[in-house]
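Residue 28 in full-length UniProt numbering sits at position 28 of the sequence shown; the count goes up by one each step and never skips. Inspection log for the structure reproduced underneath, given as structure tokens.
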Amino acid sequence: MVSATFACFVVLLGVHQSRAIIARRFMFIAGTLYAFRAVTLLITQLPPGYENNNLRCREQVNLTFNLFISRVFEQGIRAGFQEKTNMLCGDMLFSGHTLGMVTSALSIAYYLPHKWRFLQWIPHLLALIGMVCMIISRTHYTIDIFIGYWLSNFIFRVYHAFCEVDIFMERRKSVLYGLWMLWVVEWLEDDIVPGK
């Protein structure tokens, strides 16, 4: 479902006249969310959600620097994918899959031309099905999905609320300007006509 919602987003980019602006905003929002996720990877790890952990997961060992480096190289060579037998297990506090689906669906709903608005429900439905399937299959805990959904919504909506403030000086007076990420957003949106 992640691929399906992202494919819908790519189709939107292909036909939209402001594709560069949309892509830049999407990448910043997704990058910010993945940076938050990286922090949660470091500070929080939940036990695997699978029923047969001993069969699916690698044996947990004390992490040494050499083991850490070897796993970094292993993941780098495989581009983040793991072999099907004995994978690294452990759940993180929010789901990257949910992040991708929700951010894609929200972007489509926000940027879809008015005459095609009825199509916005397709990626939303795909994202919902994907989240339910992850919970049923125990790929993620329910809290992972819940936090991923709400954080994605929050960052997306704060970014676009800030962009909708038309006047530069009004943006600086906005309560949103106190968030560090919006200083970067202001720089990213500097050359864009308000309302795009």
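Where a beta carbon is used, it is the ideal one built from N, C-alpha and C, also for glycine.
- Rounded to whole angstroms, the gap between the alpha carbons of Y110 and M101 is 14 Å.
- Taking every protein chain shown into account, the CB of G14 has fewer than 16 other CB atoms within 10 angstroms, so this residue is exposed.
- DSSP places G31 inside the alpha helix (DSSP H), whose first and last residues are 19-43.
- With 16 or more other CB atoms across the displayed protein chains lying within 10 angstroms of its CB, D144 is buried.
- With respect to the C-alpha of W180, the residue from Q120, P113, T32, A7 having the closest C-alpha is T32.
- By the criterion of a C-beta distance shorter than 8 Å, V185 is surrounded in its chain by F28, Y159, F162, C163, once the five residues flanking it on both sides are discounted.
- When DSSP assignments are scanned along the segment 119-189, the uninterrupted stretches of alpha helix (DSSP H) that are 4 or more residues long and fall wholly within it turn out to be 121-136, 142-163, 168-173, 180-188.
- Straight-line spacing of the CA atoms in M1 and L188 works out to 30 Å.
- Between I43 and S107, the C-beta spacing is not below 8 Å.
- Assignment of I192 by DSSP, reduced to helix, strand and coil, places it in the coil class.
- For the options L12, F6, A4, the alpha carbon positioned closest to that of H114 is the one of L12.
- The straight-line gap separating the alpha-carbon atoms of R172 and W183 is approximately 9 Å.
- Of the candidates V39, W116, A105, Y34, A105 places its Cα closest to the Cα of H124.
- The C-beta distance from V165 to S152 rounds to 22 Å, too long to fall under 8 Å, and the pair is not in contact.
- For F73 and L63, the gap between their C-alpha atoms comes out near 15 Å.
- L128 is positioned such that its CB atom lies no closer than 8 Å to that of T5.
- By the neighbour-count definition (other C-beta atoms within 10 Å, threshold 16), A30 is a buried residue.
- With respect to the 8 Å criterion, T98 and Y141 are not classified as neighbours on the basis of their beta carbons.
- Collapsing the DSSP output to three states places M1 in coil.
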